[in-house]
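Residue numbering for the sequence shown follows the numbering used here, beginning at 2 and increasing consecutively.
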Amino acid sequence: QNVAKWLTTSTRGYTLFEDSLNSAMSVKTKLKDRILKVEAQVKQYKKEKARIPRALQKCVDTELYEIKFTHHSLIEEMRLLNWKEIFEHASWKDYAATHPRKVKKMVRQGIPGRYRGTLWKVMAGSDIFEKQNPDLYKKLLGSGDSRWDDYIRRDINRTFPKHVLFRDKQGLGQASLFNVLKAYSLYDTNVGYCQGMGFIAGLLLLYMDEESSFFMLNALISTSKFNMRGLFSNKMPLLARYFYIFETLLARHTPRLASHLQRMGIHSSMYASRWFITVFSCNFPLEVVNRVWDIFLHEGPRIVFRVAMAIMIEKEEHLLKLPFESIIDALQTVQRGLEAEELVKAALGMRLTDQEFKDLEAKYLADQEAAAMGATPNSTSVAKSKDDGTGMVGASGSG
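Dropping the structure here:
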């Protein structure tokens, strides 16, 4: 009787699990069908837009925006279903350690918006430092003025000026952004403050509170995984290294474009500074920024170069046709019209292994060492005062 009872209970439990699994699969199937239909609509509207007069294109843009919003909502719903198993697990770090390939795939497909802030903190490791220092942020804000206060106030209005959270002077968003940047300038006096930090802190504030944003900014600047200190400290040594790596990849993957830019005297410092300093958070569409940062926080800085190269490959034919006067403007506005899914897919399709990245870094450092010993200085070294035309580099600077 006991065996019969156990069999009955087990069978009923399995049936309920099977029904639940089938139900989830049914929901996913329906979602996929809806997503495919919406994507087909987007393609159709884009074709129609290309055929109609410019004066009427705004009407199509309005319809297209609504369709894209629907598409984004459906994608978010699908992400939540796909991430359900991970969220039910007791520890993200344990799950990531035991399912590395699955987690990498999931992160690359995008983290659900409602959980993005929580996972970003865990991936950056800032959650631990925050727990260990519960009173640090409040103490910093209460410790008096920072010598960077005036610079921070001046730059805040230029940080996400169109975003609803930051567009109002003296609003909650600008006040929070000021607090985070001031606290960090007091905490890390060697770095202090640099304008690009505002875009990063602003992005973090979209997904977490002030205190968590402060601790995460610290993790990004101080930990070896991200090592962003070299982008904000005096003379920006890491930025020069990144220019070298980027231009090497440019010559390797798009030799015609690299030669074209070289003939015109256009160096990557004239347009790509903000890409590397802010990890694309300055002026790029938010969905693009979110997807890039998901991968950046999980895998490290290689994705920044893969995205940069994907952009250059996509724009290559157009850029080759432009004269000097137009090419700088085109390079500084490449973010217009970028679609997150297409860009991320193209970026991940560009091969750049961890070893290749390390080899490029090692080559740059070897060149710098040789230059210091009396050889010809590396042409990619750029002083912090170099300006990319956006006012980003050296706008307020540190050190």
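C-beta: ideal position from N, C-alpha, C; glycine also.
Keep in mind that this is a model prediction, so the values were computed, not measured.
The shortest C-alpha to C-alpha distance from LEU251 to any of GLU317, VAL165, ASN291 and GLN356 is the one to GLU317. Taking SER186 as reference, the option from SER144, GLU78 and LEU173 with the minimal CA-CA separation is SER144.
Here ALA348 is near ALA311, since their CB atoms are less than 7 Å apart. Bounds of any alpha helix (DSSP H) do not take in GLN171, whose DSSP letter is neither H nor E. When C-alpha distances from GLU343 are compared across ALA91, LEU321 and ILE314, the shortest belongs to ILE314.
Annotation: the continuous alpha helix (DSSP H) that includes GLN133 extends over 127-133. Within the same chain, no Cβ atom closer than 7 Å to the Cβ of GLY338 is found once the five residues on either side in sequence are excluded. The alpha-carbon separation between HIS90 and TYR96 amounts to approximately 7 Å. Annotation: CYS195 to ARG155 spans about 12 Å, alpha carbon to alpha carbon. Contact annotation: GLU131 and PHE227 have beta-carbon atoms that are not nearer than 7 Å. For a cut-off of 8 Å, the C-beta gap from ILE76 to ILE36 is around 7 Å, short enough to register as a contact. In this model, LYS29 and GLU300 are separated by some 28 Å (Cα to Cα). Per DSSP, ARG292 is one residue of the alpha helix (DSSP H) stretching across 287-300. Relative to PRO135, the option among HIS319, ASN291, SER213 and THR249 whose CA is nearest is SER213. For the options GLU40, ARG80, ASN191 and LYS122, the alpha carbon positioned closest to that of ASN235 is the one of ASN191.
Of the other Cβ atoms in all chains shown, 16 or more fall within 10 Å of the Cβ of ASP295; this residue is therefore buried. Non-local beta-carbon contacts of VAL108 in its own chain, meaning distances under 7 Å to residues more than five positions away in sequence, involve ASP295, ILE296 and HIS299 in chain order. Under the three-state reduction of DSSP, GLY266 is assigned to coil, being neither helix nor strand. A Cβ-Cβ separation of about 7 Å places ILE278 in contact with LEU240 under the 8 Å criterion.
The beta carbon of LEU32 lies closer than 8 Å to those of LEU75, GLU78, MET79 and LEU82 in the same chain, with the five residues before and after it left out.
Straight-line spacing of the CA atoms in GLN45 and VAL335 works out to 24 Å. Taking C-beta separations shorter than 6 Å and ignoring five residues to either side along the sequence, the partners of TYR208 in its chain run ARG117 and GLY118, following chain order. TYR365 places its beta carbon less than 7 Å from that of ARG242. Residue state for ASN180 is assigned as helix, using DSSP reduced to three classes. Nearest in C-alpha terms to LEU137, of all of ALA184, SER92, ASP330 and ARG257, is ALA184.
Cβ contact annotation for ALA331 (same chain, cutoff 8 Å, sequence separation greater than five): LYS316, HIS319, LEU320 and LEU323, in chain order. Around the beta carbon of LYS122, 16 or more other beta carbons sit within 10 angstroms, so the residue counts as buried.
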